[in-house]
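Have a look at the structure below before the remarks.
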Amino acid sequence: MLRFLSKRVVQIVILLFIYVTIVFWLMEALPGSFLDKYLMNPKITPEIRENLKRQFGFDKPVLTRYLYYMKNFLVLDLGVSFSYFPKKVTSIIFERLPRTVFLFVTSTLVSYAFGYTLGKRSAWRRGKVIDQVTTFTGIVFWTIFLPLLAIFNIWLFGVILGILPLNQFIDPNLWRNVSFSAQDLFLKLLLNAFIFLIVFLTIMIISRRLKTINAKRILLYVSLIGTIIISISIWILSGRAIYAWDIIKHMVLPVFTLTLYSFAGSMLVMRDTMLDVIREDYITTAKAKGLPDKVVRDKHAARNALLPLMTNFVISLGFTISGGIITETMFSWPGLGRAYLEALSQQDTPLLIGLLVFTGVFVLIAHLVADILYAFLDPRIRY
Amino acid sequence: MLLSVRDLRMHYKTKMGYVKAVDGINFDLDSGESLGIVGESGCGKTSISMTILRLLPDNAEFKSGSVFFDMGNGPVDLVKLDESQMREYRWRGISMIFQAAMNSLNPVYRVGDQIIEAIQNHFPQVPVDKAREKVAELFELVGLDPSRMDQYPHQYSGGMKQRAVIAMALACDPRVIIADEPTTALDVIVQDRILKEIRKIQKKLNMAMIYISHDIAVIAEVSDKIAVMYAGKFAELADSVTIFKKPMHPYTYGLMHAFPSTVGEKTDLVTIPGEPPNLLNPPKGCRFAPRCPKADELCMNEEPRYIEVEKGHFVACHHPVKSGEVVQFYEQ
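Line by line, the protein sequences are chains X and W.
Under our numbering, the residues of the first sequence are numbered 166 to 548, in order.
Under our numbering, the residues of the second sequence are numbered 187 to 518, in order.
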């Protein structure tokens, strides 16, 4: 396992350098540059032009700039943004990261949970009404044009029904006289979710040692509900619950839209592998053992069909870092997806390269995590 | 009587029509007894066991019949039970050693845990450590090292998986075990050892057993009674000595003479010409009639009844083979 891991890490480092190089040269190959709008301006004197060029580093040849970039990349410095001058790219990314991560991790989780549940159910009842309805609905939403779906949802829930906010991630009126920043709250929400995950994993490990099935179930429910109640009461006691609630309320519509749009992907993967697994002999054995239908479906069939879905899930988690350009634009969510679009339209090359590189790192890490998870999920896989 | 099957009929619905896989099966089974069902591939052997346990695929249609099973509180018709009641009888009443035992173990769970799951499903009050003791006993019984119960199926060899599957079938002390070609995938030496062990365990625990195989040599080794199945029906059922010495159905006769014997005088090997009928559209009269040298007008038009000609000897034939008679099969 350790040998495999170290081999993979070396691979990832090599891949990352190739990736950064390609990204850098691709951006360099784009026509025009950020400075053009100043350099073409007849009101600017030649001296200022030269100064600007030097300031942004455009006086040096491309190769030198590439080597500079690589040198800085080694110490995790992604340079200075042009459009947000003199803000550093890393600080822009870290400012927007929590919002994007919180929104997209939530929607990926919801969408996969949805896809998993529906996929296994429709495979179990293949050809029945539930199968046909879920598959049809899933494919309809899967093929729909995402901006259209977003606009429709905003119109329906925000305008006609008026139950959800239209856009943005906070309600400005509510936050006018608040001493803490929304950023701070986002980080706390993330921390809360992280604690929840840790509790869940610990419970899973502890429950393996328990003797009877009932004891396992009780421990699971009690601890999970307990954690939820404790964290909600901490939020209420700290007096920030309404603000957290405000953020969550703003998230509902984007999460709902993304889930509708993408659950079919995971559902069809799950349904497909599940249909293969159902034909296996051990499923008949499980039924013959007199196990209830639900146990056969969840414990024996779905567990074996989980592997491909898990890979997709972990890799999409890697991609959540990049946010969603369309979703964030439609819902005016100031995350990394919006940063992409801004950087692209402004020709802010350092920011754009920085964002791409940052996403790349996380996707590579996600692949590694998927490999490790494989060994946990399937005892036949050992590295 | 522990298990009595009466006029069992189950057909598979296909686009071409109904496949009459199980078409009027009758037999009785007592504790400690073992019944072997032998027949060609596709004659409905496995379908019988699946019908008894009600583990049928979606396209199967149960037509008629009853399966009376006695767990010690009077016979219950399994056919009439609802799904949750039926679950009580599965594994605890009737358990099964599946065809292709290689794939009968779930690859992602430890072998021991899969057996414990069966025990705890039927006896929820049994704690894990008690169940583990039971699994260890079962492993000893089938000749496996109990320390291997925490390994995964892929760490087992074929023969070991087979033994583990047998141990699993014994987990809830069932009254009846249905063994469906449990040794087909193994080489003859392992096969022989496992057959002997199954037989020994069955006698020791006084269980009833239904043994299904296409291999008459295997069946002869483990069964007290043998049923010869042809095209969804029993052609003949008798104790294992009678069926070898005095076969009455021409099909049984053909089968018995289709094997070379190392003892006794030299005889010609018999091959039965033709192919088994398509179960979508079986012959109107006796299903064996198109291949039978003794068949006449009656056989072609009227189905022979399945009757008890001697005590414990059932046969479905209009013109049973008399003792000493030689039946000649010709290529058509």
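Glycine included, each C-beta is placed from N, C-alpha and C at the ideal position.
Collapsing the DSSP output to three states places W/Ala365 in a strand. Counting only unbroken stretches of 4 or more residues, the alpha helix (DSSP H) elements lying wholly within the stretch 308-384 of chain W are 314-328 and 344-355, in sequence order. Sixteen is the threshold: since fewer than 16 other Cβ atoms of the shown chains lie within 10 Å of the Cβ of X/Lys208, the residue is exposed. Using a CB distance cut-off of 9 Å, X/Lys452 counts as an interface residue toward chain W. Apart from sequence neighbours up to five positions away, the residues of its chain that approach W/Val205 with a beta-carbon distance below 7 Å are His197, Tyr198, Leu465 and Leu466, ordered along the chain. Between W/Asn292 and X/Tyr281, the C-beta spacing is not below 9 Å.
Taking X/Pro337 as the centre and dropping the five residues before and after it, the same chain places no C-beta closer than 7 Å to its C-beta. Residues of the stretch 336-353 of chain W that bring their beta carbon within less than 7 Å of a beta carbon in chain X comprise Tyr338 and His340, in sequence order. A straight-line Cα-Cα distance of about 14 Å links X/Leu375 and X/Ser388. Counting only runs that start and end inside the stretch 170-200 of chain X, there is no beta strand (DSSP E) element of at least 3 residues. Under the DSSP assignment, W/Gly225 falls in the beta strand (DSSP E) whose first and last residues are Ser220 to Gly225. At a C-beta separation below 8 Å, X/Asp463 has no neighbours in chain W, since its nearest C-beta there lies roughly 13 Å away.
A check of alpha carbon separations from W/His499 across W/Met434, W/Glu488, W/Thr457 and W/Asp359 identifies W/Met434 as the nearest.
It is roughly 11 Å from the alpha-carbon of X/Leu440 to the alpha-carbon of X/Gly292. Annotation for W/Arg192: the continuous beta strand (DSSP E) segment containing it runs Leu189 to Thr200.
Contact between the stretch 256-264 of chain X and the stretch 350-369 of chain X is present, with at least three C-beta pairs closer than 8 Å. Note that the C-beta distance between W/Ile398 and W/Ile364 is below 9 Å. Less than 9 Å divides the Cβ of W/Ser220 from the Cβ of W/Lys411.
At a C-beta separation below 8 Å, W/Leu327 has no neighbours in chain X, since its nearest C-beta there lies roughly 19 Å away.
Counting other Cβ atoms within 10 Å of its Cβ, X/Tyr386 stays below 16 and is therefore classed as exposed. For X/Val534 and W/Lys382, the gap between their C-alpha atoms comes out near 49 Å. Linking W/Gly471 to W/Phe309 through their CA atoms gives a straight-line distance of about 49 Å.
Under DSSP, W/Arg477 takes part in no beta bridge, so it has no partner. Boundaries cannot be given for W/His504, as no alpha helix (DSSP H) includes it and DSSP labels it neither H nor E. The closest CA to that of X/Met235, considering only X/Arg214, X/Tyr184, X/Tyr277 and X/Asn216, is found on X/Tyr184.
The residue from X/Leu181, X/Met432 and X/Leu423 with its alpha-carbon nearest to that of X/Phe279 is X/Met432.
X/Gly455 is positioned such that its CB atom lies no closer than 9 Å to that of W/Arg296.
Counting along the chain, no beta strand (DSSP E) covers X/Glu493; the unbroken alpha helix (DSSP H) around it starts and ends at Ile490 to Met495. Within chain W, the residues whose beta carbon sits less than 8 Å from that of X/Tyr447 are Asn289, Ser290, Leu291, Asn292 and Pro293, listed in sequence order. The DSSP-derived three-state label of X/Gly483 is helix. Bridge partners of W/Phe248 according to DSSP: W/Met196. At a cut-off of 9 Å between C-beta atoms, X/Asp296 does not count as an interface residue with respect to chain W.
Not one beta carbon of chain X lies nearer than 9 Å to the beta carbon of W/Phe248. The CB of X/Leu456 comes closer than 7 Å to the CB of Asn307 in chain W, given here in chain order. Using a CB distance cut-off of 9 Å, X/Pro544 counts as an interface residue toward chain W. Rounded to whole angstroms, the Cβ separation of W/Phe248 and W/Gly279 is 18 Å, and the two are not in contact under 8 Å.
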